[in-house]
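Chains E and B, in that order, give the protein sequences. Throughout, the numbering used here is defined as the position within the first sequence, counted from one, plus 158. Throughout, the numbering used here is defined as the position within the second sequence, counted from one, plus 12. Glycine included, every Cβ here is placed at the ideal spot set by N, Cα and C. Worksheet: the structure to be examined is printed underneath.
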Amino acid sequence: NAGVMQNPRHLVRRRGQEARLRCSPMKGHSHVYWYRQLPEEGLKFMVYLQKENIIDESGMPKERFSAEFPKEGPSILRIQQVVRGDSAAYFCASSPPAKTDTQYFGPGTRLTVL
Amino acid sequence: TQLLEQSPQFLSIQEGENLTVYCNSSSVFSSLQWYRQEPGEGPVLLVTVVTGGEVKKLKRLTFQFGDARKDSSLHITAAQPGDTGLYLCAGAWGAQKLVFGQGTRLTINP
Numbered sequence: 159n160a161g162v163m164q165n166p167r168h169l170v171r172r173r174g175q176e177a178r179l180r181c182s183p184m185k186g187h188s189h190v191y192w193y194r195q196l197p198e199e200g201l202k203f204m205v206y207l208q209k210e211n212i213i214d215e216s217g218m219p220k221e222r223f224s225a226e227f228p229k230e231g232p233s234i235l236r237i238q239q240v241v242r243g244d245s246a247a248y249f250c251a252s253s254p255p256a257k258t259d260t261q262y263f264g265p266g267t268r269l270t271v272l
Numbered sequence: 013t014q015l016l017e018q019s020p021q022f023l024s025i026q027e028g029e030n031l032t033v034y035c036n037s038s039s040v041f042s043s044l045q046w047y048r049q050e051p052g053e054g055p056v057l058l059v060t061v062v063t064g065g066e067v068k069k070l071k072r073l074t075f076q077f078g079d080a081r082k083d084s085s086l087h088i089t090a091a092q093p094g095d096t097g098l099y100l101c102a103g104a105w106g107a108q109k110l111v112f113g114q115g116t117r118l119t120i121n122p
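What follows is the structure in structure tokens.
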């Protein structure tokens, strides 16, 4: 069984560009979560999605950040007009419908903004 | 805002010694997870505890959930260099999102 897949693993962007991070959940998992890990800090929740629905986006910055989980295809975390402070590791996790507190994480995307 | 405090933040011990890492909160968890994270990788789930007083064992690792479900501990017996890594606890309070502690960075010296 493949685990949670994330790509790219590393992404370099210049200030003002857009970053798109992709996440494919584990087979059979319909719930996806995004977390951000800033340098020397813990993981912070950003958003929780089910297919075609955003369930909880209480951890998302109000501007420039958006997420989607379409009916077909991976979940996308999109950051517009990136700034240096967006440099971080972004992790996606997935869970089965009946056990949303048991989350399995992908390897992460490390975003560097120059 | 729910907070999880882990202690110690850093721990360096010799191979063969025992150690305990703690995770505490003033809030009651509905469940608690322990993860281990290697540099450059995502957290790997070690265990989920749900019931107050619950004890789970994973080889040389013993996880305990406090009776009041506000705290948890991870005990490693006869630590080995392969146990080196960042250990994270994460709590759920009924909502689906996890709140993570800052982590304990463990180093086992040969």
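Proximal residues of chain B, C-beta to C-beta of residue i below 8 Å
i, result
"residue 213 of chain E", "108"
Host beta strand (DSSP E) of residue i (start-end)
i, result
"residue 97 of chain B", "97–104"
"residue 16 of chain B", "No beta strand (DSSP E) contains residue 16 of chain B, which DSSP labels as neither H nor E."
"residue 195 of chain E", "189–195"
"residue 267 of chain E", "267–271"
"residue 227 of chain E", "Where residue 227 of chain E is concerned, there is no enclosing beta strand (DSSP E), given that its DSSP letter is neither H nor E."
"residue 182 of chain E", "177–182"
"residue 216 of chain E", "Where residue 216 of chain E is concerned, there is no enclosing beta strand (DSSP E), given that its DSSP letter is neither H nor E."
"residue 202 of chain E", "201–208"
"residue 170 of chain E", "168–171"
"residue 245 of chain E", "Segment: none, residue 245 of chain E is in no beta strand (DSSP E) and carries neither H nor E."
"residue 117 of chain B", "116–121"
"residue 165 of chain E", "163–165"
"residue 261 of chain E", "Per DSSP, residue 261 of chain E belongs to no beta strand (DSSP E) and is neither H nor E."
"residue 26 of chain B", "22–26"
Chain E residues whose Cβ lies nearer than 7 Å to that of residue i
i, result
"residue 119 of chain B", "Within chain E, no residue comes near residue 119 of chain B; the closest Cβ sits about 17 Å away, beyond 7 Å."
"residue 114 of chain B", "200"
"residue 104 of chain B", "259"
7 Å Cβ shell around residue i - same chain, five flanking residues per side excluded
i, result
"residue 202 of chain E", "193, 194 and 217"
"residue 20 of chain B", "116"
"residue 114 of chain B", "18 and 21"
"residue 95 of chain B", "88, 118 and 120"
"residue 258 of chain E", "189"
"residue 265 of chain E", "164 and 167"
"residue 191 of chain B", "With chain B represented from 13 up to 122, any question about residue 191 of chain B goes unanswered, as that position is not in the structure."
Straight-line gap, residue i to residue j (C-alpha atoms, nearest Å)
i, j, result
"residue 204 of chain E", "residue 182 of chain E", "17 Å"
"residue 171 of chain E", "residue 236 of chain E", "13 Å"
"residue 86 of chain B", "residue 75 of chain B", "5 Å"
"residue 23 of chain B", "residue 91 of chain B", "12 Å"
"residue 36 of chain B", "residue 78 of chain B", "9 Å"
"residue 15 of chain B", "residue 228 of chain E", "32 Å"
"residue 61 of chain B", "residue 207 of chain E", "24 Å"
"residue 177 of chain E", "residue 240 of chain E", "7 Å"
"residue 166 of chain E", "residue 44 of chain B", "30 Å"
"residue 247 of chain E", "residue 98 of chain B", "15 Å"
"residue 29 of chain B", "residue 272 of chain E", "44 Å"
"residue 84 of chain B", "residue 108 of chain B", "19 Å"
"residue 122 of chain B", "residue 31 of chain B", "15 Å"
"residue 222 of chain E", "residue 63 of chain B", "40 Å"
"residue 199 of chain E", "residue 270 of chain E", "16 Å"
Near the ligand GTP: residue i beta-carbon under 8 Å from a heavy atom
i, result
"residue 53 of chain B", "As far as ligands go, the structure on display features none, and thus does not contain the ligand GTP."
Where residue i meets chain B, residues with beta-carbon distance less than 9 Å
i, result
"residue 265 of chain E", "52, 53 and 54"
Other residues of its chain near residue i: CB distance less than 6 Å, five sequence neighbours each side excluded
i, result
"residue 41 of chain B", "81 and 103"
"residue 226 of chain E", "234"
Amino acids of chain B, ordered along the chain, whose beta-carbon sits closer than 7 Å to that of residue i
i, result
"residue 249 of chain E", "54"
"residue 227 of chain E", "Those within 7 Å of residue 227 of chain E in chain B number zero; the least Cβ separation is about 14 Å."
Proximal chain E residues relative to residue i, where beta-carbon distance stays under 8 Å
i, result
"residue 42 of chain B", "259"
"residue 63 of chain B", "What residue 63 of chain B touches in chain E: nothing, since even the nearest Cβ is about 13 Å away."
"residue 31 of chain B", "Residues of chain E passing the Cβ test: none, with the nearest at roughly 20 Å."
"residue 57 of chain B", "260, 261, 262 and 263"
Contact list for residue i against chain E, beta-carbon separation under 9 Å
i, result
"residue 45 of chain B", "259, 260 and 261"
"residue 60 of chain B", "257, 259 and 260"
Close-in-space but distant-in-sequence residues of the same chain around residue i (CB under 8 Å, 5 per side omitted)
i, result
"residue 110 of chain B", "45, 102, 103 and 104"
"residue 253 of chain E", "187, 189, 191, 259, 260, 261 and 262"
Legend entry - Every unbroken beta strand (DSSP E) inside the region 33–109 of chain B [3 residues or more]: Within the region 33–109 of chain B, the complete beta strand (DSSP E) runs of at least 3 residues are 43–49, 56–61, 67–70, 73–77, 83–88 and 97–104.
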